[in-house]
Structures are given as structure tokens and as C-alpha cells.
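As you go down the protein sequences, you meet chains G and A in turn.
So the first sequence is numbered by my numbering: it starts at 2 and just counts up by one.
So the second sequence is numbered by my numbering: it starts at 120 and just counts up by one.
Since the structure comes first, as C-alpha cells, the remarks are kept for the end.
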Amino acid sequence: MKSETNASIMGNRKNKAVVETVAQIIFTICALFAILAVISITLYMILSGTPAIFQVGPMEILFGTVWAPTAAEPRFGILYVILTSIVGTFLAILLGVPIGILTAVFLAEVAPKKLAMAVKPAVELLAGIPSVVYGLLGIYLLGPVMYRLEKFVFADSTTHQFTGGANLMSAVIVLAIMILPTVINISETSIRAVQPGIKAASLALGASHIQTIFRSILPAARSGIMTAVVLGVGRAIGEAMAITLVSGSSVNPPLPFNSVRFLTTAIVSEMGYAEVGSTHRNMLFTIGLVLFVFIMLINVVLSRILKKGEVHR
Amino acid sequence: MRNPSITVKRKHPIDTFLMGAIYLSAFLSVFLLLGIIGYVFVKGIGTVSLSFLTTVTSALNQTVGILGNIVNTLYMIVITLLIATPLGVGAAIYLNEYAKPGRLVSMIEFTTETLSGIPSIIFGLFGMVFFWETLGLGYSILTGSLTLTLMVLPLITRNTQEALRTVPDSYRNGALGMGATKWYMIRTILLPSSMSGIVTGVILAIGRIVGESAALLFTAGSAYRLPRFTEDVAGNIGKCFGKIMEPGGTLTIELYLRMQKGEYDVAFGVGCVLIVIVLCINLLTKVAANRLKPVK
């Protein structure tokens, strides 16, 4: 080690220059890797997602409502699958975000310091729990409850197909719980980052603590909270394993008690048996491409919000 | 006005309601979070035994065990980190030490951000088409690891970058001023001072690898057997390396398959093991962040 040290400082200039250049080139390549990865993912998603569009036709895919990939006359309409992903994500956000933000308010503004210190690690821990574990609990605990509710609601119905508790509602609840840690963590950080002067000014003007929180602090933390919501949307729309079994397994319109398929769960549940090279398999990649487009849109929105936040600061 | 005096606080009914909502939400969140962890732990701990952890499921020996999955998970962690750590740290060094602000840097930062936002199922599809079919690596631990590398890269890059930013400029100037070359300065000053960030990134990456399932289902498969060891030492070493090219299901995949078959006891057993691992990883992150802080 010692001699190497000397060599490096005292060694001849030419060698050093070579080492320097090589180091810089290697670091640059490492950095370019992220760009390379995103480009090749985009390229491959488009390459493997487009054949089915030509085979089936874009209108049939986007507006067809019948999904029967293995029938004698196969149909590949994914309208309900797309709608399920949108509706499911929207409902999960509607359910999870208010609870998440209010919890963040509790941790940052209301709770005694010691309690907040105890709750925070638990929230962080939750963010790390594998998604299959959420799925396991969803199907084991939520399923039976939902089934009972379903039997109660549709007691007199003769047309309803019973799902045994694996339906859109169960999936939405699982998704809402899964986005909680993301929303809580990011909202709390942004609430804590609000300048203390804003809070002090509001209180000094005679506003109550609650008025201060909802009229001054939350608006000031807006960009952070928006980030939290967008990240939550991304997590909910991209989640696959947790809701594969909980959401049921047939393609139906996204109604609360229907067994439904999301973009993600359609891929997971059929990729295993779709024949290589078949239109069916190509179609699953097209579903992947649709999901990818959604995610890219979300990413663009997110980077806009982040940039705006920087300007305001 | 009921309260003419300004010294008497006026009660806002809506305040009480909102305060109630805040408390209710907080209670619900904490209850859910602790409930989930507690339930899986209590439900699964009964299944976890020494033989559960040290055998492979076999109808012949009548054992139900997850040793094969544990070994696969370890393989996955080691190979992924071997590839992802140098890449991620290198990228962070470039961004922080070499690059000048401009198009390229914002491109790299945007793509890193994008990578961390892409859902794992998309990585799974990409890994399947690219590493499996195009590169011909087959259904294997290596294919899974390469796919995971893309997923954990942003974590390591970002944490290393954060750490590099906290190293004071005087360290750099001091080293350079004494005649050290840039690479020498990075190697002996910057990397040791930012070790805590790098280690935190690596531990977070381990957590991600352990918890991942969707990206692995179609890239690494679900095998749970161990290589059959013999007396031949060289052969055994060969088998250990050969395993990289064989399919292997991690703990999460095993949990998913068990759950699909309705074998909830085993599923909760695996879930319990996973939660203990996640707990340990969380603790480790905390320790790493505190212990390895650069001495100032």
C-alpha cells in the first residue's frame, strides 16, 4: 500500500495522465449506463409491443371489450383492462392520499415528539415490506370479509357473478394501504420543510392551529405533497404481485364487486402460458407498452413538479 | 358574538372535526402498519422451525423447507450488487466530480429518476426479452440479477451522490493542492468519506432485491432445489458457479407460488422470514448511517 502511495504521487507524469484519463472514461461510461438502460427499455418495449397492434388493429385493442385470447376466434380488446387500471388507481389514491396526508400532519404538527419518533420508523419499515406479503394478507384477511359483504349486497341478485371476495374493491384497499408509506413519508418531509415564519405569522394573526395547518402550512407544502401523490399514482398503477390474486382473474368492467384485471395483473397471470411468438403473447407485451406509456407520462409530470418546486425555493 | 372578550378562545366546530380526522387517520395508519407486521409474524412464526429453514421441500423426505430459496436469494443479492455497486458509485462520482452542469447531466439525472419510477413488471418484461431471448442467458439467476441491477442502480447512484455532496470542498482542494491527482483524491479521500452513503445505498438495494417478485417471475423462475454436492471439491465449486446459469426462485417467488396454491401456512412462514429480514435491513441502514458518518 505504502509503495503504491508513493508511486501515485511521485510517479512519472505520463503514467498519471493515462490513469486519469482512463478513470474519467470509466466513470463517464458508468454514468451513461442509466441513459443506455432507459433507451433500451423504451426501444424493447416498443419493439415487442407493436407487432400485436398490427396483427389485431389499434381500434379493436383499445376499444374492444372482449378478451378471449385462447378462444377459437381470439379477441383482444383491452378497454376494460385499461379502465380498471385507471379507476382502480384513482380510487386507491382517493382512499389512501387523504389518510396519508392527515397522518403526515399528525406526525409533523400534532403528535408529541416522542410519539412521532416512534411512529416514523414503523412507517419506513412498511415501505420495505415485499408486495407479495400485502397480497397474502389481502387474500387471506380481506377476501373473506369482502365475500360476506358481497353476499349481503347481492343477496337477491340473480345475475351477479360471485367472486369469493377477489374483486376491484379488495384490490383498491390493498393498493391504498401500499401507497400509504410513500405518501406519509414525502408529505411529512415537505410539511417539516415549510418555513417556520409562515406558521408563526398565521398563529400571530389569530388563526387557530387547525386553520394554520390547513390554510397556511399545507398550501406552502403543496409541491412536496403533489410529488407524494404522483409517486403514489406511479406505485399504484405499476403494482402487480400484490393484487394479482386479490383482484380476481377475469376481464370485466371496473365495478366494485366485479372480478377484474389490471394492466399489470393481466401480464402476470397470462405470461406463464402464452405461447412464444403467438398473437396472445405479443398482445401481453402491448399491454406492457400501454402501462409503460402511462408510467412515462407520470414521470414527465413528476419532473415538471420537481422543477417548479425548485424555482419556488 | 358569544365571546366578546378576546382572551376567551372561540371554539370552531370545524376545528374539532378536522382534529378528529387527523387523529383518526394517524390511528388508522399506525394500526394498519403494526397490524400487518404483527399479524404476519404471529401467523407465520409457528411454521418457522429449524427444518423449515434448513431443508428443501421434498416429497421423498417429507420435508417442507425454504433453504433452496434462501440460497437463491443470496445468490441474487451478491451477483446484483457485484454489478450494480461499481456502476452506481461510478455514475455518482462522474455526476458529482467530473461533469459540468448541462444537457448531458440533466439527461443522466432524468433517466436515473425514470429508472426508479418504472414498475418492476416492466423490468421483468424487458429482462425476459433482452437478457433471456436476445442475449440468450436463459431462465436463470444471472438473467434475474441483471434485471435487478437496472432496478437498484438509481438507489446506489442517488445515495452515493448525496454522500459525495456532504464531503466538504476543502477536502478536495487540500488533496489536490498537495499534488494528488484527481483519481488519487477520489480513491483515498472522497470514497472513504462518503462510505456511509454508499453502504446505505447498498443496504437499501438489498432490501429491494429481497422484496422483489414481479421482475423475477419471468426472468429467474421458481426452482427451489440445491446443487447435489459430491466428494469432488472442484466439481462442487463448479456447481456453485454453474448455479448462476440455472433458474432459481427467491423467497418472495416461493411465497407467491404457495399463496397461489392456497398453502397459506407455508406462505405465512415465508412471509415471517421476509419480515424479519426487512426488519434487520432497516436496523442496518440506521446503524450504517450513524456509524459510518465521516469524521469531521
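A virtual CB, placed ideally from N, CA and C, is assigned to each residue, including glycine.
Is the separation between the beta-carbon of residue i and that of residue j shorter than 8 Å?
{"i": "I275(A)", "j": "A203(A)", "result": "yes"}
{"i": "I192(G)", "j": "V106(G)", "result": "yes"}
{"i": "I241(A)", "j": "A339(A)", "result": "no"}
{"i": "A210(A)", "j": "A35(G)", "result": "yes"}
{"i": "L398(A)", "j": "T369(A)", "result": "no"}
{"i": "L403(A)", "j": "I322(A)", "result": "yes"}
{"i": "T183(G)", "j": "S144(A)", "result": "no"}
{"i": "I178(G)", "j": "Y135(G)", "result": "yes"}
{"i": "A324(A)", "j": "L200(A)", "result": "yes"}
{"i": "G388(A)", "j": "G129(G)", "result": "no"}
{"i": "V124(G)", "j": "I185(G)", "result": "yes"}
{"i": "G390(A)", "j": "L137(G)", "result": "yes"}
{"i": "V247(G)", "j": "L143(G)", "result": "yes"}
{"i": "H281(G)", "j": "P75(G)", "result": "yes"}
{"i": "F438(A)", "j": "M118(G)", "result": "This structure gives no information on residue 438(A), because the portion of chain A shown stretches from 120 to 415."}
{"i": "L265(A)", "j": "F250(A)", "result": "yes"}
{"i": "A407(A)", "j": "S315(A)", "result": "yes"}
{"i": "V175(G)", "j": "I226(G)", "result": "no"}
DSSP beta-bridge partners for residue i?
{"i": "T182(A)", "result": "S177(A)"}
{"i": "R76(G)", "result": "A69(G)"}
Quick check: is the beta carbon of residue i nearer than 8 Å to any beta carbon in chain A?
{"i": "I299(G)", "result": "yes"}
{"i": "M46(G)", "result": "yes"}
{"i": "K60(G)", "result": "Reading off the sequence, residue 60(G) comes out as Met, not Lys. By this cut-off, M60(G) is not an interface position."}
{"i": "P145(G)", "result": "no"}
{"i": "F258(G)", "result": "no"}
{"i": "Q56(G)", "result": "no"}
{"i": "P254(G)", "result": "no"}
{"i": "F286(G)", "result": "yes"}
{"i": "A221(G)", "result": "no"}
{"i": "I296(G)", "result": "yes"}
{"i": "F28(G)", "result": "yes"}
{"i": "A35(G)", "result": "yes"}
{"i": "F208(G)", "result": "Position check: residue 208(G) holds Ala in this sequence, whereas Phe was assumed. With 8 Å as the cut-off, A208(G) does not count as an interface residue toward chain A."}
Would you say residue i faces chain G, with C-beta separation under 8 Å as the test?
{"i": "I356(A)", "result": "no"}
{"i": "L200(A)", "result": "no"}
{"i": "F249(A)", "result": "yes"}
{"i": "F337(A)", "result": "yes"}
{"i": "M120(A)", "result": "Here M120(A) scores only 49 on pLDDT, less than 50, and its place in the model is too uncertain to base an answer on."}
{"i": "E382(A)", "result": "no"}
{"i": "T285(A)", "result": "no"}
{"i": "F160(A)", "result": "no"}
{"i": "N292(A)", "result": "no"}
{"i": "I145(A)", "result": "Contrary to the premise, residue 145(A) reads as Ala rather than Ile in this sequence. Output row for A145(A): interface = yes."}
{"i": "L267(A)", "result": "no"}
{"i": "L310(A)", "result": "no"}
{"i": "K219(A)", "result": "no"}
{"i": "P238(A)", "result": "yes"}
{"i": "Y142(A)", "result": "yes"}
{"i": "Y343(A)", "result": "no"}
What three-state label does DSSP hand residue i in the structure shown?
{"i": "I130(G)", "result": "coil"}
{"i": "T204(A)", "result": "helix"}
{"i": "Q25(G)", "result": "helix"}
{"i": "N16(G)", "result": "helix"}
{"i": "Q196(G)", "result": "coil"}
{"i": "A112(G)", "result": "coil"}
{"i": "I54(G)", "result": "helix"}
{"i": "Y81(G)", "result": "helix"}
{"i": "A243(G)", "result": "helix"}
{"i": "K162(A)", "result": "helix"}
{"i": "G278(G)", "result": "coil"}
{"i": "I237(A)", "result": "coil"}
{"i": "S341(A)", "result": "coil"}
{"i": "Q212(G)", "result": "helix"}
{"i": "L310(A)", "result": "helix"}
{"i": "Q162(G)", "result": "coil"}
{"i": "N168(G)", "result": "coil"}
{"i": "P366(A)", "result": "coil"}
Would the beta-carbon of residue i be found less than 7 Å away from any heavy atom of the ligand ADP?
{"i": "V161(A)", "result": "Annotation note on the ligand ADP: not contained in the displayed structure, which lists no ligands."}
Determine, using beta-carbon pairs with one atom in the region 155 to 173 of chain G and one in the region 253 to 268 of chain G, whether at least three such pairs fall under 8 Å. yes
Per the contact definition of three or more C-beta pairs closer than 8 Å, is the region 358 to 376 of chain A in contact with the region 170 to 190 of chain A? yes
So, does the region 194 to 202 of chain A touch the region 169 to 179 of chain A, judging by three or more C-beta pairs under 8 Å? no
So does the region 280 to 294 of chain G actually touch the region 78 to 86 of chain G, counting three or more Cβ pairs closer than 8 Å? yes
Do three or more CB pairs link the region 25 to 33 of chain G to the region 258 to 276 of chain G at distances below 8 Å? no
Take every Cβ of the region 223 to 232 of chain A, pair it with every Cβ of the region 271 to 285 of chain A, and state whether three or more of those distances are shorter than 8 Å. yes
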